[in-house]
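Undergrad:
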Amino acid sequence: MNILVVNTGSSSLKYQLFDMDTTVSMAGGVVERIGEEQGVLNHKDFSKGREEKTRLEQKIEDHREAMHLAASLITHNIDAVGHRVVQGGEAFKEAVIIDQAVKEAVRENNSLAPLHNPPNLIGIEVAEDLFPGKPQVAVFDTNFHQTLPEKAFLYGLPYEYYQKYKIRKYGFHGTSHKYVAGRAAELMEKPAREINLITLHLGNGCSISAVKGGRCVDTSMGMTPLAGVMMGTRTGDLDPAIFGYLMDHTGMSQKEMDEVLNKKSGLKGICGHNDLRDIHALAQKGDRLAILAVDMFAYQIKKYIGSSAAALGRVDGLVFTAGIGENDDIVRARILEELDFLGIDLDEEKNKIRSGQARAIHKDISRVQIWVVPTNEELQIAMETCEVLER
Ligand code: AMP
């Protein structure tokens, strides 16, 4: 079965076609700057055993035109389409075949994810037109975290706010956490239901999940992807009183505050940069704020490992993934410093080896296994699309 995976952002479209008999990607691409003067499409085809690239630069009016362009470059038959949808609220515990009711439910969650759900819906509607009669499946970023118990997902606010306004922790990056937790169980040669893992998705956005016997029991992100550890440009957890205090003292509007919390904070807020490669280069030259930014980042993640361990009761494995988790040995080492009291012993040499493959980086004596597992959200969406259709 050939599954096309579609991920629509506000001005972008990512897509990948999988042959699910082999789980190999046959083609994929990214369309960017949709709606701007000059759009760009970068397409790759792997089906002839080598990579063939196509690049188009032209005005791309809207997502409909973007999807048409992408589809015109895909020479294979498409059996079904799997869509990434960011916010499924409480309505969806797992992937679903999209019908009118599902689209309505996604629309109802728009206010919880105003930047993501509306373009996701557009992607669904365009794909329905373009591939009539082919099943369309929605895989939600929030699915994997729907197993959180009430004590973990509720905030200490009046309970009626949860009932009236749906205020609760939803968690994000669920597709990535689920994928790497599943891969780690395979690599550890243990059934997922028998092991407890802490999965660390550390990229531009960062989240940490506690996964008990294959089910997520807690996660660092909250009602929005702003919560948890500090990130490239996002604050992470804050004392909620800071928001009103800053508005009073600076005269900033709520919109301006949102901009500060989402785009001007985190690593960037501390040292002026959000890419850890730039930050390490500055730190090596002795830049105090770059050194401080790495210190703070590693310390906050370390503390989430501690709280996740407490939530799990027993930890069998740590799994690092995404841009920083997969590539940054300096940050991994800093996070795991002095965690031997939890049975976490990093092998410094294994940690330094660069590779695009999944690999173990713990010492033989480490009670907790430590893995680096490249994430593959597109493949996870394709796998879940297949599962839904088979069911
Ligand atoms: P992602 O959101 O998963 O694409 O991750 C992007 C982030 O990963 C970048 O902002 C960098 O901070 C980090 N990153 C990517 N590649 C490397 C690398 N080779 N070394 C250190 N950090 C990296």
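Position one of the sequence shown corresponds to residue 351 (the numbering used here), numbered consecutively onward.
The beta carbon of each residue, even a glycine, is placed where N, CA and C say it ideally should be.
Computed from a predicted model, the values in this text were never measured in an experiment.
How far does the alpha helix (DSSP H) with His413 in it reach, from first residue to last?
TA: For the purposes of this step, residue 413 is taken as the residue at position 63 of the sequence shown. For His413, the enclosing alpha helix (DSSP H) stretches over residues His413 to Leu423.
Undergrad: When the Cα atoms are used, what is the spatial distance from Met602 to Leu611?
TA: Your numbering for residue 602 matches position 252 in the sequence shown. Your numbering for residue 611 matches position 261 in the sequence shown. Looking at the two C-alpha atoms, the distance is approximately 12 Å.
Undergrad: With H, G and I counted as helix, E and B as strand and the rest as coil, what does DSSP make of Asp695?
TA: As a working note, residue 695 is residue 345 in the sequence shown. The answer is coil: DSSP assigns Asp695 none of H, G, I, E or B.
Undergrad: Using the Cα positions of Phe407 and His393, report the straight-line distance between them to the nearest angstrom.
TA: For this step, residue 407 is matched to residue 57 along the sequence shown. For this step, residue 393 is matched to residue 43 along the sequence shown. Before going on, a small fix: residue 407 reads as Glu here, not Phe. Roughly 12 Å between the two C-alpha positions.
Undergrad: Check whether the Cβ of Asn352 sits closer than 6 Å to any heavy atom of ligand 1, and report yes or no.
TA: Indexing the sequence shown from 1 puts residue 352 at position 2. Not under cutoff, so the answer is no.
Undergrad: Ala672: which of Val723, His599 and Ile474 sits nearest, CA to CA?
TA: Translated into positions along the sequence shown, residue 672 becomes position 322. Taking only the C-alpha atoms, the option nearest Ala672 is Val723.
Undergrad: Could you name the residues of the same chain whose beta carbon sits closer than 8 Å to that of Cys621, not counting the 5 residues immediately before and after it, in chain order?
TA: The residue given as residue 621 occupies position 271 in the sequence shown. Excluding sequence neighbours, Cys621 sits near Ile629, Leu632, Asp637, Leu639, Ala640, Leu642 and Ala643.
Undergrad: Round the Cβ separation of Gln295 and His418 to the nearest angstrom and send it over; I've been treating them as touching at under 8 Å.
TA: With the chain running from 351 to 741 in the structure shown, residue 295 is simply not present.
Undergrad: Give the range of the alpha helix (DSSP H) segment to which Arg627 is assigned.
TA: Locating residue 627 in the sequence shown gives position 277, where the first residue counts as 1. Where Arg627 is concerned, the enclosing alpha helix (DSSP H) stretches over Leu626 to Gln634.
Undergrad: Output the boundary residues of the beta strand (DSSP E) element that contains Ser559.
TA: If you number the sequence shown from 1, residue 559 lands on position 209. Residues Cys556 to Lys562.
Undergrad: Exposed or buried, Tyr529, counting other C-beta atoms within 10 Å across all chains shown (16 or more means buried)?
TA: The count along the sequence shown starts at 1 and reaches residue 529 at position 179. By the 10 Å Cβ count, Tyr529 comes out buried.
Undergrad: Candidates Met351, Ser360, Glu387 and Gly378: which alpha carbon is nearest Asp371's?
TA: Taking the first residue of the sequence shown as position 1, residue 371 is located at position 21. Of Met351, Ser360, Glu387 and Gly378, the residue nearest in Cα terms is Met351.
Undergrad: Can you tell me the Cβ-Cβ gap for Phe494 and Ile428, rounded? I've got them flagged as a contact below 8 Å.
TA: The residue you call residue 494 lines up with position 144 of the sequence shown. The residue you call residue 428 lines up with position 78 of the sequence shown. Not a contact, Cβ separation roughly 26 Å.
Undergrad: With respect to the beta strand (DSSP E) encompassing Lys364, which residues constitute its N-terminal and C-terminal limits?
TA: Counted from its first residue, the sequence shown places residue 364 at position 14. Here the beta strand (DSSP E) through Lys364 covers Leu363 to Asp369.
Undergrad: Using alpha carbons as the reference points, say which of Glu444, Ala648, Arg543 and Pro575 lies closest to Ala683.
TA: Within the sequence shown, residue 683 is the residue found at index 333, counting from 1. Answer by Cα proximity: Ala648.
Undergrad: Would you say the region 494-513 touches the region 453-464, given that touching needs at least three Cβ pairs under 8 Å?
TA: no
Undergrad: Please return the same chain residues whose Cβ sits closer than 7 Å to the Cβ of Asn701, not counting the five positions on each side in sequence.
TA: Looking up residue 701 in the sequence shown gives position 351. Contacts found: Asp679, Arg682, Ala683 and Ile711.
Undergrad: Does the beta carbon of Leu626 fall short of 6 Å from some heavy atom of ligand 1?
TA: Locating residue 626 in the sequence shown gives position 276, counting from the first residue. Indeed, a heavy atom of ligand 1 lies less than 6 Å from the Cβ.
Undergrad: For Pro575, I'd like the list of residues in its chain whose CB is within less than 6 Å of its CB, leaving aside the five on either flank, ordered along the chain.
TA: As a position in the sequence shown, residue 575 is number 225, starting the count at 1. Once the five neighbours on either side are set aside, the close Cβ partners of Pro575 are Phe522 and Gly555.
Undergrad: I think His433 touches Ala377, with their Cβ atoms under 8 Å apart; what is that distance to the nearest whole Å?
TA: Position 83 of the sequence shown holds residue 433. Position 27 of the sequence shown holds residue 377. That belief does not hold up - the Cβ atoms of His433 and Ala377 are roughly 17 Å apart, past 8 Å.
Undergrad: Hey, quick one: how far does the alpha helix (DSSP H) through Pro525 stretch, first residue to last?
TA: Within the sequence shown, numbered from 1, the residue matching residue 525 stands at position 175. The sequence given here has Thr at residue 525, not Pro. Here the alpha helix (DSSP H) through Thr525 covers Gly524 to Leu537.
Undergrad: Would you kindly work out how many angstroms separate the C-alpha atoms of Glu734 and Ser526, rounded to a whole number?
TA: The residue you call residue 734 lines up with position 384 of the sequence shown. The residue you call residue 526 lines up with position 176 of the sequence shown. Distance between the alpha carbons of Glu734 and Ser526 is about 12 Å.
Undergrad: Are three or more beta carbon pairs between the region 686-704 and the region 584-599 nearer than 8 Å?
TA: no
Undergrad: Taking the alpha carbon of Gln450 as the reference point, which residue from Glu475, Asp625 and Cys566 has its own alpha carbon closest?
TA: Reading the sequence shown from its first residue, position 100 is the one you call residue 450. When each option's Cα is compared against that of Gln450, the closest is Glu475.
Undergrad: Using the Cα positions of Ser362 and Lys409, report the straight-line distance between them to the nearest angstrom.
TA: On the sequence shown, residue 362 is found 12 positions in, with the first residue counted as 1. On the sequence shown, residue 409 is found 59 positions in, with the first residue counted as 1. Approximately 13 Å between the Cα atoms of the pair.
Undergrad: How is Asn701 classed by DSSP in three states: helix, strand or coil?
TA: As a first step, residue 701 is located in the sequence shown; it is residue number 351 there, counting from the start. Reduced to three states, the DSSP call for Asn701 is helix.
Undergrad: At what residues does the beta strand (DSSP E) containing Thr600 begin and finish?
TA: Counting from one through the sequence shown, the residue named residue 600 turns up at place 250. Premise fails: Thr600 lies in the alpha helix (DSSP H), Ala591 to Thr600, not in any beta strand (DSSP E).
Undergrad: Can you find the residues in the same chain that come closer than 6 Å, C-beta to C-beta, to Ala463, ignoring five residues on each side of it along the sequence?
TA: The residue labelled residue 463 in the question sits at position 113 within the sequence shown. Within its own chain, the residues whose Cβ lies closer than 6 Å to the Cβ of Ala463, once the five positions on either side in sequence are excluded, are Val436 and Gln437, listed in chain order.
Undergrad: With C-beta atoms as the reference, is Ile703 less than 7 Å away from Leu552?
TA: As a working note, residue 703 is residue 353 in the sequence shown. As a working note, residue 552 is residue 202 in the sequence shown. The criterion of a C-beta distance shorter than 7 Å is not satisfied by Ile703 and Leu552.
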